[in-house]
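Asker: Here it is, the structure, as structure tokens.
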């Protein structure tokens, strides 16, 4: 079980690197846009579009790592009064709810990407980006998050923080 948890946490760390790459892409895009406008009086014409796609990508691929590192906001109003075993059970129950919600969102995200691909939808911009490409970030990020929630449940079930 611990080996599977380590694999999932490795995937979450990989997601964090993808997230960082998305941030570097945004910074590079902004720098290029500033340079083009200030020096050459022109524009890439796609910086805001691709910057938006990259923002969604970096947020979603970073969610699992944020959860792994205990960076998500938790409200401990009730659980602060629980015993350690009670907190563990509450974590497992909330994790199961998290799996259900994330799996639900993942199912519909995959459907959305498939339908966008099947209908050959493109962005209404000069780039005419096929929308399924940036939409792939959603199922990728939700899959990483789902796996991390499962690892969270497994760690609590074996009483390993």
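Numbering (the working numbering), first residue to last: 4 to 164. Glycine included, each C-beta is placed from N, C-alpha and C at the ideal position.
Leaving out five residues on either side along the sequence, give the residues of the same chain with a beta carbon under 7 angstroms from the beta carbon of residue 87.
Answerer: Hits under 7 angstroms: none found.
Asker: Would you kindly work out how many angstroms separate the C-alpha atoms of residue 12 and residue 44, rounded to a whole number?
Answerer: If you take the alpha carbons of residue 12 and residue 44, they lie about 46 angstroms apart.
Asker: Residue 133 bridges to which residues according to DSSP?
Answerer: Answer is 125.
Asker: Out of 141, 150, 74, 57, point me to the one whose CA is closest to residue 112's CA.
Answerer: Closest option to residue 112, Cα to Cα, is 141.
Asker: Buried or exposed, going by whether 16 or more other CB atoms sit within 10 Å of the CB of residue 147?
Answerer: Buried, by the Cβ-count rule.
Asker: Just curious, the alpha helix (DSSP H) that residue 4 is in, first and last residue?
Answerer: Unbroken run through residue 4: none, as it is neither H nor E.
Asker: Assuming the contact rule is C-beta atoms closer than 8 angstroms, residue 157 and residue 10 should be a hit. Round their C-beta distance to whole Å, please.
Answerer: Not confirmed; about 11 angstroms, so no contact.
Asker: For residue 155, which residues in the same chain have their Cβ closer than 6 angstroms to its Cβ, ignoring the five residues on either side in sequence?
Answerer: Excluding sequence neighbours, residue 155 sits near 98.
Asker: Distance, Cα to Cα, residue 60 vs residue 29?
Answerer: In a straight line, the C-alpha of residue 60 is about 11 angstroms away from that of residue 29.
Asker: Quick one: grab the DSSP three-state call for residue 51.
Answerer: Reduced to three states, the DSSP call for residue 51 is helix.
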